[in-house]
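Asker:
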Amino acid sequence: MTGDEAKAADVFQDTVREAAFQSANNEPPGDRYWFFREARWRCLAASEQGMMPEPVDFERHELNSRAKEQIGSLTIEQLGIWISGAPEPQRTVLALFYLAEFSVRELTTITTLKVAEIARLLGTARMEFQSWLNATVPLHDE
Amino acid sequence: MIKRPLRRRLRLLASCAPFSDKPPLDRRMRAAVSRARKSDHFVQQQEFDRAIGDLVQTIPTPPEISEWFANEHLATGVKRTWRTILLNPAVIAITLAVLVIAVVSAYKFYERLNTFPGAETAKKLLVVASATRMSQLDPMQVEAGALGDFFFMKHRLERYDVPPEFAAIKTIGVRVFDDEEGQRVAQIAASEKRLQFFFFPAQRDPKTGRPEEFAGWRFVEHEGWTGAVQQRNAVCFMACLRGGAKDLASYLPKSND
């Protein structure tokens, strides 16, 4: 979400500290989604500080049958930079979706987006990511 | 026309289909995945998502973050007791609001139980009774039961007969006037206990135009005055005085006590 490990650690600690503070005041977070909602807003606030990525219009390519191979050669830092560079709310949808922790209904609860919007954001993100992959990890015919 | 939105819905759900090996819990999502599996595009999408998901799973958890999870009950908080729940300001506010609503509803219900057709007119006439001076009435010293003929002969008011319960009471004054709605109202002042009698037309059903009937004597109270109302032959008779229903009860049959 932040593209910066230090910022992410700060957000995590602040979120957990806030939860602990609320629990100490007999008002513990109502559900587990609270952590993700809280962390999301803190991430967005944190990423607005310091250097911010320029908005870029990516080309969109159809998914490649060898995309798995391309993704396999990426580092987690590269993936992190790509996701954190996505505009909101696409960034949140990508981060939460690829955690593989939430159902679509839970995603709509956390992000307050509709299913159609989440589907659209994921669909365009895949094609843009494929385009970026094609540029970053070009395939060589064997 | 019916199939189109369904297909679109399934396509949208398939776009967000989970890529883990576990089957989706949501029934509609299972249906969408089941149908979408037949398409190459969906298979490619799943492989694509799974590859990214695998990469995400390789992200190591920093040791300082792992430390936070040493205590699993970090954010459990103090267990809420019934006392803390009941003393919560939101719960108190909701309870008070519900109580107020319940009291108002009960009052309205009780009021509706005791109301009868013509009760509003009777209340208005209690105000008239409280404001009437003897000088406004024409002196008339007879038995109340004899006034039925007087009303018919002089004012063409049919069936304005004083009920037997009050027929023997001596009157001291009479008048006939039009109320706010233009209805002919007869007012009689009695010598006893500052009793007053009123005749007014019974309330009519706006749909059928028929008089709305009720049986026996009904009481109405307003601004310290009490009236006992009876309806007969589309005419309401009200005996009223300053005081409570007990003061009128001695004149009425015991079944109305």
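Protein chains in written order, with our numbering: chain C, 1 to 142; chain U, 1001 to 1257.
Virtual Cβ for every residue (Gly too), placed ideally from N, Cα, C.
(1) Among C:Thr136, C:Ile83, C:Leu107, which residue has its Cα nearest to the Cα of Ala125 (chain C)?
(2) Below 7 Å CB to CB, which residues in the same chain sit around Ala1119 (chain U) once its five sequence neighbours on both sides are set aside?
(3) Identify every residue that forms a DSSP beta bridge with Val56 (chain C).
(4) If you draw a straight line from the C-alpha of Val137 (chain C) to the C-alpha of Gln78 (chain C), how long is it?
(5) Assuming Ala1144 (chain U) contacts Phe1166 (chain U) (C-beta within less than 8 Å), just tell me the rounded distance between them.
(6) When you compare the CB positions of Gln1258 (chain U) and Ala1189 (chain U), do they come within less than 8 Å of one another, or not?
(7) Output, in sequence order along the chain, the residues in the segment 27 to 43 of chain C whose CB is closer than 7 Å to any CB in chain U.
(8) Does Ser1250 (chain U) pass the burial test, meaning 16 or more other C-beta atoms within 10 Å, or should it be called exposed?
(9) Between the segment 1019 to 1042 of chain U and chain C, which residues of the former have a C-beta closer than 8 Å to a C-beta of the latter?
(10) Counting beta carbon pairs with one atom in the segment 1125 to 1144 of chain U and one in the segment 1220 to 1235 of chain U, are three or more of them shorter than 8 Å?
(11) Identify the continuous alpha helix (DSSP H) that holds Thr1226 (chain U) and give its terminal residues.
(12) If you measure from the beta carbon of Glu1067 (chain U) to each beta carbon in chain C, is any gap under 8 Å?
(13) Using the C-alpha atoms, what's the distance from Ile1052 (chain U) back to Gln130 (chain C)?
(14) Tell me which residues of the segment 114 to 127 of chain C have at least one Cβ-Cβ distance to chain U shorter than 7 Å, keeping chain order.
(15) Which residues mark the beginning and the end of the alpha helix (DSSP H) in which Val1033 (chain U) is found?
(16) According to DSSP, Met1238 (chain U) sits in a beta bridge with which residue or residues?
(17) From Arg1050 (chain U) to Val1056 (chain U), what does the alpha carbon distance come to, in whole angstroms?
(18) DSSP state of Glu1111 (chain U), grouped into three classes?
(19) Three-state secondary structure (DSSP) at Pro87 (chain C)?
(20) Strictly below 7 Å CB to CB, what residues from chain U border Leu74 (chain C)?
(21) Where Thr1061 (chain U) and Leu1096 (chain U) are concerned, what is the direct C-alpha to C-alpha distance, given to the nearest angstrom?
(22) Please report the Cβ distance between Val1235 (chain U) and Phe1199 (chain U), rounded to the nearest whole angstrom; I am assuming they are in contact, meaning their Cβ atoms lie under 8 Å.
(23) In angstroms, rounded to a whole number, what distance separates the CA positions of Arg1194 (chain U) and Leu1137 (chain U)?
Answerer: From the atom records:
(1) For Ala125 (chain C), the nearest C-alpha among the options comes from C:Ile83.
(2) So the qualifying residues of the chain are Val1220.
(3) Under DSSP, no beta-bridge partner is assigned to Val56 (chain C).
(4) In a straight line, the C-alpha of Val137 (chain C) is about 11 Å away from that of Gln78 (chain C).
(5) Sure, about 6 Å apart at Cβ, within 8 Å.
(6) This structure cannot speak to residue 1258 (chain U), because chain U is shown only from 1001 to 1257.
(7) Those residues of the segment 27 to 43 of chain C placed with their C-beta closer than 7 Å to a C-beta in chain U are Pro28, Pro29, ordered along the chain.
(8) Around the Cβ of Ser1250 (chain U), a 10 Å sphere holds fewer than 16 other Cβ atoms; the residue is exposed.
(9) Those residues of the segment 1019 to 1042 of chain U placed with their C-beta closer than 8 Å to a C-beta in chain C are Phe1019, Ser1020, Pro1024, Leu1025, Asp1026, Met1029, His1041, ordered along the chain.
(10) Yes: the two stretches touch, three or more of their Cβ pairs being nearer than 8 Å.
(11) Secondary structure note for Thr1226 (chain U): it is in no alpha helix (DSSP H), and the uninterrupted beta strand (DSSP E) holding it is 1225 to 1232.
(12) Residue contact with chain C for Glu1067 (chain U): absent (no Cβ-Cβ distance below 8 Å to any residue of chain C).
(13) Gln130 (chain C) and Ile1052 (chain U) have their C-alpha atoms roughly 11 Å apart.
(14) Taken in chain order, the members of the segment 114 to 127 of chain C whose beta-carbon sits within less than 7 Å of a beta-carbon on chain U are Val115, Ala116, Ile118, Ala119, Leu122, Gly123, Arg126.
(15) Annotation: the continuous alpha helix (DSSP H) that includes Val1033 (chain U) extends over 1027 to 1036.
(16) Paired residue(s): U:Phe1198, U:Val1229.
(17) Rounded to the nearest angstrom, the two C-alpha atoms are 10 Å apart.
(18) Reduced to three states, the DSSP call for Glu1111 (chain U) is helix.
(19) If DSSP states are grouped into helix, strand and coil, Pro87 (chain C) belongs with coil.
(20) Here the neighbours are Leu1055.
(21) Rounded to whole angstroms, Thr1061 (chain U) to Leu1096 (chain U) spans 49 Å at the Cα level.
(22) Contact between Val1235 (chain U) and Phe1199 (chain U) holds, since their C-beta atoms are separated by about 6 Å, short of 8 Å.
(23) Taking the straight line joining both Cα atoms gives about 14 Å.
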